[in-house]
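Protein chains in written order, with our numbering: chain L, 1 to 237; chain Z, 1001 to 1237; chain Y, 2001 to 2237; chain U, 3001 to 3237; chain F, 4001 to 4237; chain B, 5001 to 5237. Glycine included, C-beta positions come from ideal geometry on N, C-alpha and C.
Protein chains: 6
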Amino acid sequence: MRPSHRQPDELRAVSLERAVVKYAEGSCFVKFGDTHVLVTATLEDRLPPWLKGQARGWVTAEYGMLPRATSERTRRESSAGKQSGRTVEIQRLIGRSLRAVVDLEALGERQITVDCDVIQADGGTRTASITGAWVALHDCLAWMKARDMLRGEVLRDHVAAVSCGVHNGLAVLDLDYAEDSQADTDANFVLTGKGGIVEIQGTAEREPFSEAQFLALLALARKGVGRLVELQKMAVM
Amino acid sequence: MRPSHRQPDELRAVSLERAVVKYAEGSCFVKFGDTHVLVTATLEDRLPPWLKGQARGWVTAEYGMLPRATSERTRRESSAGKQSGRTVEIQRLIGRSLRAVVDLEALGERQITVDCDVIQADGGTRTASITGAWVALHDCLAWMKARDMLRGEVLRDHVAAVSCGVHNGLAVLDLDYAEDSQADTDANFVLTGKGGIVEIQGTAEREPFSEAQFLALLALARKGVGRLVELQKMAVM
Amino acid sequence: MRPSHRQPDELRAVSLERAVVKYAEGSCFVKFGDTHVLVTATLEDRLPPWLKGQARGWVTAEYGMLPRATSERTRRESSAGKQSGRTVEIQRLIGRSLRAVVDLEALGERQITVDCDVIQADGGTRTASITGAWVALHDCLAWMKARDMLRGEVLRDHVAAVSCGVHNGLAVLDLDYAEDSQADTDANFVLTGKGGIVEIQGTAEREPFSEAQFLALLALARKGVGRLVELQKMAVM
Amino acid sequence: MRPSHRQPDELRAVSLERAVVKYAEGSCFVKFGDTHVLVTATLEDRLPPWLKGQARGWVTAEYGMLPRATSERTRRESSAGKQSGRTVEIQRLIGRSLRAVVDLEALGERQITVDCDVIQADGGTRTASITGAWVALHDCLAWMKARDMLRGEVLRDHVAAVSCGVHNGLAVLDLDYAEDSQADTDANFVLTGKGGIVEIQGTAEREPFSEAQFLALLALARKGVGRLVELQKMAVM
Amino acid sequence: MRPSHRQPDELRAVSLERAVVKYAEGSCFVKFGDTHVLVTATLEDRLPPWLKGQARGWVTAEYGMLPRATSERTRRESSAGKQSGRTVEIQRLIGRSLRAVVDLEALGERQITVDCDVIQADGGTRTASITGAWVALHDCLAWMKARDMLRGEVLRDHVAAVSCGVHNGLAVLDLDYAEDSQADTDANFVLTGKGGIVEIQGTAEREPFSEAQFLALLALARKGVGRLVELQKMAVM
Amino acid sequence: MRPSHRQPDELRAVSLERAVVKYAEGSCFVKFGDTHVLVTATLEDRLPPWLKGQARGWVTAEYGMLPRATSERTRRESSAGKQSGRTVEIQRLIGRSLRAVVDLEALGERQITVDCDVIQADGGTRTASITGAWVALHDCLAWMKARDMLRGEVLRDHVAAVSCGVHNGLAVLDLDYAEDSQADTDANFVLTGKGGIVEIQGTAEREPFSEAQFLALLALARKGVGRLVELQKMAVM
């Protein structure tokens, strides 16, 4: 039995609310159960120096967590003076995931920065962030299209993410914090709408796992991401 | 005429929503028009080293702004590696304002940290933060009372804040960003429920101002804070 | 009775010595009793990036304190790796105060940096700094005039500052450290030679204060700044 | 054809030289072709604060690269003042990989820090580091056994790592830099001697990849790690 | 001819003023011509962690320069966020020089921190600092003696320092900035009152120098330090 | 008797191995007994900003130590967030020493960065670094000559370094760690092939030393550097 009484292949209640802030070109407030992330997409004309003059753009991400998003208050990274290793890992993952479905040439010499700020954390903040980031990115690109700033299609597919793990010997989908902290194995899957794999990160927390276990998790992830992509489609309809 | 068509002594629409996050002992989502701040109050047993063993507690505040809370994206302070001077000034002001109405001896040897995170900024983020922080602090103390952690009354009064300024020659209450960026004079007033002055910060942005002008601003502030304190009372009823 | 036996409206002995260092375009060694600050004004051709090409200049300030300016040695900020919140607040205040009496267009595309370094601190370092900074700035501008670098009058008025507070129930002028550390209310006033208000910062250290108390402090400040402006006039004569 | 003329399932020349420095309790100079990493294992009595008094130890890793380990000189991280996101990601991966085969209770309340310093980089520095780190850790534990510091067996299995990728449409084992920089898909596999999966990190560099492609890479990785574990066995014989 | 018209073996006008600040246990305002340094000595009970419980004390130094001590304004190190290599080198030298004449056992488990802050720089700031630091240290120890805090004699000898160099082919004593910036060879000598050598730092700025040249500089230094020690004796008489 | 049973004027076994890494334009693995340093020389087209457009180049050095180069593990400077004072002192010394034998005009507008990374430390890491750095620099310049990048001779002489000290009352050459930690006096000498003095750094660790003692150390250093220059000549033959 899962602590949340969900079925093994059942996502938490997911919602994707668009246009939640006033200034950003695109935004999404994404909830995976009690995990809540505010995502904004910002269009800027400046590019990172190493990309200048190459006739293509860039999509990057930053990730943060409000100090009391968690059960215990965590120290503000601005006050600590640097981003933690975990923060850096996650924001690099979000950026790579989005770029996998973006045509950077079609974007032109511009940068879109996607900010994912966790308001409340109950496990799976990175997968919720990626799933919501696609919506914010979509709306930022729609904003640009409405202003005739784009020639072709920039967004080539959906991308969404979910975690799976082995909990009490059972392969389960979309771990919440209670499950995540006890899981034997924990894997994050980033998949496209067409079913392509963008990123797989699997970690044995206690015992190494087998190939069969891993494939079971991948099957669950396919199911979960399929559902998340449907929700993205409904959200931007 | 004010850009927002408000009367000179008219606040923006103010709302104070309580218990908006799952983990914090107290929280408040405060809106002053399009300025939105999420405030949480966290109770901790540890004290700053210089306060240990003095049989009293501490209330402190931290302030942050999401990168796209503003019209232009601002760089994340965790990535810049330090808090700006403006951030430091504001969080010190919030902390002092709350402590002015708190009986630190009655709190006991504990610290309450109030985090004010600006989700959207349209002027007056520090005054909205203080006004909402009182609600979050109130609820954190209520949480403690419900657990028999307090002997006496910790909160001695209300405290709330509002900005006033001279805009197009007219003294006006509760400046939004459009007014603030054009104001000749800008002052922030932190007052208690009983009308005591906790903090006054008045700055001549262009021309020095006269005592008469300053007193006109103070009169407006009294009116505004009176209304904010009523809203705090209704919120925690 | 004040610890220093001064009358309630009596300044400490104030001196403003000019041209105290060899290299700076303007300088002033200012003493408010045992509070001693060395102020230098440096002319530079470079401007902050956000001000370039706007046909006007900038006046900014930096503030520091020697480690043993105080009763207990304080850690060197260069060794701590960052400026404290207090330092940042004070240097921003000094810069704003000076700019309130400067015609930035008449200055042309140049920057004057005013460095205020506290050699000895006995309360009121920020007000002494502002008062001395006006002299150093005046002399830097005189240096420029002597070289035909200025077309019009850059300095539109005097500016000086003083602290007032309520000590043992008595409103007093120009607090020294012994008074400041026990004051119920502490306010800094920055006023111009013509009596305009540039900045008011009033803080209730213990109990909130009333409007009447505040106006009594302002009246004292007017008297004190009037005397400081006379001393500035004599100094630059 | 691979740039190095290797077979698709052929590792580079791998060597694992032990006891290469004078002071460390364990050390290994590992070469995967032109990728050379010096690994040392240091035994210390102190533990990270969050682990104290739990009757178990810790194994952690740090990773660095000499400035001219690469084709272009990279800036020294000590001079940049912080570790890059890439460095942080890699050292966390090495630490997790080693802990997957260590019995932390059997280690006792001690910490072993494994330093992996890249002398020369030609792709696969993290997989070479993990493979060599196992040898250095083994020797550090042997040093402890020789001094009767351990009660039971700390090291439960071998662990080694290899990268695989799709290069010119062909799944290949142990990518060097020339292949890595052109690969469509790049995955790192950390496996145990018994064939358990410790960590999988797969990233689509250009196009998302399919499950079949991923399984082909995993099969190659099994073959490669099998050979690396044989080399570890010979090295410590 | 020297730019200053001094004889080759002539010091600049040197003055050593004691007790120049209010709080420090010892202080000295030292002038070597236009080089002016304020030195304070602070007594503290705490010791660096590595020295605790060894029944002896420590003398350390810190060095700083006001931003406009120099012809061009230099950036404040607190704002740059770190001390320059030059600052670190100099403060380590000052500390070593003082410790060479101090009996750390006789000092007891206490630390004296000597702060050398350059008010105006015209060459030789480190040698002026050391020479003045001896006076401030002497007075700090006198302050302790007057309070019966010391059992034996802590200060075993005088220590003073001077620079020498080859300028226009001529060996000269006590270089000012005009000479220093053109010197072929530049050496700093720290010597004791009894003539012992504490530190020699000689650097060939352009051409390597010979042993004969070096010995000529050492002879000049002996003469100069002899005179500086006389001045120290008169100062503390 | 020396701990190593060497004669007072006997160097440790010294070796200078060239071309030890793949990418650097010049490199040398230098051993002074158990002190092992990897030196690389990197040619870059960019110059420090203050040197641009002056028709001459620059040679600079950086120094680092692997965490377990020493008996106790030292914290990684990249993780500490800054370079220690010792590191800064040493890298500045190496740079100055090399520039003393380089014709910067003949180098042209380019920079050579010499990285000295200590793999194992047993005393004398800075003198080993300088001695090996000359070889790496030589080879970098040979690489440039082979590509017709240089018009004249850049390297005007050899430069090498050695430490000397007084140990148990005996003046000895090339101190290892056992001697260095007990020496009364410790001096580093940087000399050219023609016998010119580039840098002398002598420090009294316990008692001040006499001129006669100092000259004895210099005589030993001449002998040692003479031998090191012979070894450099054989290495680059």
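Backbone secondary structure at residue i - three-state DSSP
i        : result
E4199(F) : strand
Y4023(F) : coil
R86(L)   : helix
Q1054(Z) : coil
G2064(Y) : strand
L1191(Z) : strand
D2176(Y) : coil
L4155(F) : strand
is_contact[residue i, chain F] using C-beta, thresh 9 angstroms
i        : result
L5094(B) : It is worth fixing the name first, because residue 5094(B) is Ile in this sequence and not Leu. With 9 angstroms as the cut-off, I5094(B) does not count as an interface residue toward chain F.
A5204(B) : yes
G2195(Y) : no
T2040(Y) : yes
S5027(B) : no
V5059(B) : no
Reference residue i; option with closest CA among the options
i        : options                                : result
E109(L)  : W50(L), V166(L), Q83(L), A146(L)       : W50(L)
R5075(B) : G3226(U), G3026(U), E3044(U)           : E3044(U)
V3225(U) : C3164(U), G3169(U), D3186(U)           : C3164(U)
K5194(B) : P4208(F), Q4232(F), V4021(F), V4190(F) : P4208(F)
S1071(Z) : G1123(Z), V1198(Z), T1203(Z)           : G1123(Z)
V1236(Z) : Y1063(Z), W1134(Z), F1032(Z)           : W1134(Z)
G33(L)   : A219(L), V14(L), P48(L)                : V14(L)
A216(L)  : L93(L), G196(L), L170(L)               : L170(L)
E4199(F) : V4020(F), S4181(F), G4085(F), G4095(F) : G4095(F)
D5174(B) : M5001(B), P5003(B), H5005(B), E5010(B) : E5010(B)
Boundaries (first-last residue) of the beta strand (DSSP E) holding residue i
i        : result
G3165(U) : 3159-3167
L4043(F) : 4035-4044
L4170(F) : 4170-4173
L16(L)   : 14-18
Min CB distance residue i to chain Y below 9 angstroms
i        : result
P4067(F) : yes
I4090(F) : no
Below-9 angstroms beta-carbon distance, residue i vs any chain A residue
i        : result
L1191(Z) : Here chain A cannot be found, since the structure's protein chains are L, Z, Y, U, F and B.
Cβ of residue i within 9 angstroms of any chain Z Cβ
i      : result
K82(L) : yes
S79(L) : yes
Residue i: CB within 8 angstroms of a non-hydrogen atom of the ligand PLP
i        : result
M5001(B) : Among the components of this structure there are no ligands whatsoever, and the ligand PLP is therefore not found.
Min CB distance residue i to chain U below 9 angstroms
i        : result
S5071(B) : yes
Q5201(B) : no
Cutoff 9 angstroms: residue i Cβ touching any chain B Cβ
i        : result
D3184(U) : no
A4171(F) : no
Element boundaries [alpha helix (DSSP H), containing residue i]
i        : result
Q4232(F) : 4211-4236
A3142(U) : 3125-3146
A2106(Y) : 2104-2107
Three-pair Cβ contact test at 8 angstroms for the region 1099-1117 of chain Z versus the region 1050-1060 of chain Z: Contact holds: three or more Cβ-Cβ distances are below 8 angstroms.
Stretch pair the region 2146-2158 of chain Y + the region 2063-2081 of chain Y: three plus CB contacts closer than 8 angstroms: Not touching, per the Cβ criterion.
Inter-stretch contact (C-beta, 8 angstroms, three-pair minimum) for the region 4139-4149 of chain F and the region 4023-4036 of chain F: The region 4139-4149 of chain F makes contact with the region 4023-4036 of chain F; the number of CB pairs closer than 8 angstroms reaches 3 or more.
contact_flag[the region 2169-2189 of chain Y, the region 2200-2216 of chain Y] where n(CB pairs < 8 angstroms) is 3 or more: The answer is yes - the region 2200-2216 of chain Y touches the region 2169-2189 of chain Y, with three or more Cβ pairs under 8 angstroms.
The region 2080-2097 of chain Y contacting the region 4077-4094 of chain F, beta-carbon criterion three pairs below 8 angstroms: The region 2080-2097 of chain Y, when compared against the region 4077-4094 of chain F, does touch it at the 8 angstroms Cβ threshold.
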